[in-house]
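In my numbering, the protein residues as written are 21 to 359.
Don't be surprised by glycine CBs; every beta carbon is placed ideally from N, CA and C.
Note that the coordinates shown come from a computational prediction; the quantities given were computed from them, not determined experimentally.
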């Protein structure tokens with residue numbers, strides 16, 4: 021038996037920009053069967069390529085991350101792999117039972133209750149009613165919607181809906197799990213539960229494809245990462261290398277910020293600070309700073325009033341404005357007005 025769970029060869033997906041849905045659906049269906057003709061019209065302004073010549077393999081038991089800017093084709097790729105939408109052309113081979121959690125509204129029937137949808141999804145995956153019953157209580161407890169399990173899911177909030185959907189997807193013993201932004205939905209507690217569950221599935225050697233904008237999460241969880249840009253793979257690296265290169269390429273760096281006079285510098289009537297530089301101690305200048313690095317922050321300040329005790333503090337944020345760490349200078353005593 022092959023050790024490859026997912027094999028994708030020269031995958032293309034093309035969408036019509038025609039606002040007439042009936043015509044658009046007809047054209048999309050037609051292009052599925054005549055991909056060779058469609059490719060000749062690649063520059064046609066009425067179409068857009070969501071995926072272009074995408075090829076990769078995922079070994080069994082690996083976690084593959086997919087990152088990229090909005091509109092790069094990440095969600096489309098998972099939809100094609102989960103057979104929600106058909107490719108324009110290309111070859112897909114999947115070895116194993118697939119469960120997908122892509123977006124709110126996918127996989128559940130709105131008029132059925134939460135309980136009925138759990139059983140329906142299990143039946144679709146080929147599980148017996150007895151097997152579903154064995155997992156049912158654990159699924160509901162994980163989702164936290166026990167009180168509402170017999171209500172139609174169309175009455176659920178989006179948070180309740182996604183919690184139950186993820187609980188079903190993660191607990192019904194899939195061989196391959198496709199997840200789209202599950203680590204960024206719900207409240208913090210549920211995000212942590214979801215993250216822990218993904219780690220548990222990884223330890224069980226399940227094959228996982230994970231789309232997420234949470235670069236730190238995919239960096240920690242994934243074995244390898246695909247970087248998509250305008251429907252094409254522009255990077256396929258180890259998790260650390262892929263995320264570092266992606267951040268470096270998509271971030272705007274300034275070596276330092278400097279204000280020429282105290283009136284324009286940040287501060288107040290007591291002190292104004294002129295930030296000069298930040299560098300990693302003992303290393304050449306680099307753009308990416310790890311949380312484990314020792315850094316040196318250099319600044320000057322205008323002290324507008326004499327102070328008996330004075331120190332400078334700073335906070336380092338990442339690109340998502342999350343606090344990484346804080347630091348303070350040494351304590352200064354009896355400083356007079358100075359620069």
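Are there 16 or more other CB atoms within 10 angstroms of the CB of residue 69, so buried, or fewer, so exposed? In the chain shown, counting from the first residue as 1, residue 69 sits at position 49. Label assigned to residue 69: buried.
Going by DSSP, which residues form a beta bridge with residue 256? Position 236 of the chain shown, counted from the first residue, corresponds to residue 256. BP columns for residue 256 point to 246.
Where the alpha helix (DSSP H) through residue 122 begins and ends: Here residue 122 refers to the residue found at position 102 when the chain shown is read from its first residue. First-last for residue 122: undefined, no H or E at that position.
By the DSSP assignment, the beta strand (DSSP E) with residue 346 in it spans what residues? Within the chain shown, numbered from 1, the residue matching residue 346 stands at position 326. Run containing residue 346: 343 to 348, per the beta strand (DSSP E) assignment.
Is the beta carbon of residue 138 sitting closer than 8 Å to the one on residue 100? Numbered from 1 along the chain shown, position 118 holds the residue referred to as residue 138. Numbered from 1 along the chain shown, position 80 holds the residue referred to as residue 100. Cβ atoms of residue 138 and residue 100: not closer than 8 Å.
What does the alpha-carbon distance come out to for the pair residue 106 and residue 178? On the chain shown, position 86 is the one that residue 106 refers to. On the chain shown, position 158 is the one that residue 178 refers to. Going from the Cα of residue 106 to the Cα of residue 178 covers about 27 Å.
Does the Cβ of residue 53 have 16 or more other Cβ atoms within 10 Å, making it buried, or fewer, making it exposed? One-based indexing of the chain shown puts residue 53 at position 33. Because residue 53 sits at a pLDDT of 45, beneath the cut-off of 50, its placement in the model cannot be relied upon, and the point is left open.
Tell me which same chain residues have a C-beta within less than 7 Å of the C-beta of residue 214, skipping the five on either side of it? Along the chain shown, read from residue 1 onward, the residue named residue 214 stands at position 194. Within the same chain, residue 214 has close Cβ partners 186, 202, 203.
For residue 263, count neighbouring Cβ atoms within 10 angstroms of its own Cβ and tell me buried if that reaches 16, exposed if not. As a first step, residue 263 is located in the chain shown; it is residue number 243 there, counting from the start. By the 10 Å Cβ count, residue 263 comes out buried.
With residue 369 as the anchor, note down where its alpha helix (DSSP H) starts and where it stops. The displayed coordinates of the chain run from 21 to 359. Any statement about residue 369 would go beyond what the structure contains.
Candidates 288, 31, 171: closest to residue 324 by CA position: The residue labelled residue 324 in the question sits at position 304 within the chain shown. For residue 324, the nearest C-alpha among the options comes from 288.
Do you know offhand how far residue 220's Cα is from residue 190's? Translated into the one-based positions of the chain shown, residue 220 becomes position 200. Translated into the one-based positions of the chain shown, residue 190 becomes position 170. Taking the straight line from one Cα to the other gives about 10 Å.
For residue 154, the three-state DSSP class (helix, strand or coil): The sequence position of residue 154 within the chain shown is 134, counting from 1. It is helical.
Start and end residues, beta strand (DSSP E) containing residue 128: To locate residue 128, count along the chain shown from 1; it is residue 108. No beta strand (DSSP E) contains residue 128, which DSSP labels as neither H nor E.
With a cut-off of 8 Å on the beta carbons, I'd call residue 114 and residue 26 a contact; round off their distance for me. As a working mapping, residue 114 is identified with position 94 in the chain shown. As a working mapping, residue 26 is identified with position 6 in the chain shown. Going by Cβ atoms, the distance from residue 114 to residue 26 rounds to 6 Å, so yes, they are a contact pair.
With DSSP collapsed to three states, give me the class of residue 96. Position 76 of the chain shown, counted from the first residue, corresponds to residue 96. Three-state result, residue 96: helix.
Please identify the residue among 251, 168, 110, 232 whose C-alpha is closest to the C-alpha of residue 242. Along the chain shown, one-based indexing puts residue 242 at 222. For residue 242, the nearest C-alpha among the options comes from 232.
Between residue 180 and the rest of its own chain, which residues show a CB-CB distance below 7 Å, the 5 nearest in sequence each way excluded? Against the chain shown, residue 180 aligns to sequence position 160. 165, 168.
Express the C-alpha separation of residue 198 and residue 225 in angstroms, rounding to a whole number. In the chain shown, the residue the question calls residue 225 occupies position 205. In the chain shown, the residue the question calls residue 198 occupies position 178. C-alpha separation (whole angstroms): 14 Å.
With H, G and I counted as helix, E and B as strand and the rest as coil, what does DSSP make of residue 236? Your numbering for residue 236 matches position 216 in the chain shown. DSSP places residue 236 in helix when its eight states are reduced to three.
Inter-residue Cα distance where the pair is residue 200 and residue 286: One-based indexing of the chain shown puts residue 200 at position 180. One-based indexing of the chain shown puts residue 286 at position 266. Their backbone Cα atoms lie some 41 Å apart in a straight line.
Under the three-state DSSP convention, the category residue 263 falls into: To locate residue 263, count along the chain shown from 1; it is residue 243. Reduced to three states, the DSSP call for residue 263 is helix.
To the nearest angstrom, how far is it from the Cα of residue 62 to the Cα of residue 147? The residue given as residue 62 occupies position 42 in the chain shown. The residue given as residue 147 occupies position 127 in the chain shown. Confidence in residue 62 is poor, its pLDDT being 47 and thus under 50, which makes the residue's placement unreliable; the coordinate value appears in the next sentence. Their Cα atoms are separated by approximately 43 Å.
Which of helix, strand or coil does DSSP assign to residue 91? For the purposes of this step, residue 91 is identified with residue 71 of the chain shown, where counting begins at 1. Of the three classes helix, strand and coil, the one that applies to residue 91 here is coil, per DSSP.
Between 36, 82, 31, 34, which has its C-alpha nearest residue 23's C-alpha? Here the question's residue 23 lines up with position 3 in the chain shown. Checked all of 36, 82, 31, 34; the closest Cα to residue 23 is 82.
Between residue 109 and residue 32, is the Cβ-Cβ spacing less than 8 Å? For the purposes of this step, residue 109 is identified with residue 89 of the chain shown, where counting begins at 1. For the purposes of this step, residue 32 is identified with residue 12 of the chain shown, where counting begins at 1. A contact, by the Cβ cut-off of 8 Å.
Shortest alpha-carbon distance to residue 134 belongs to which of 267, 156, 209? To locate residue 134, count along the chain shown from 1; it is residue 114. The shortest Cα separation from residue 134 among 267, 156, 209 belongs to 156.
Rounded distance between the beta-carbons of residue 192 and residue 251, thought under 8 Å: Taking the chain shown and counting its residues from 1, the one referred to as residue 251 is at position 231. Taking the chain shown and counting its residues from 1, the one referred to as residue 192 is at position 172. 31 Å between Cβ atoms; not a contact.
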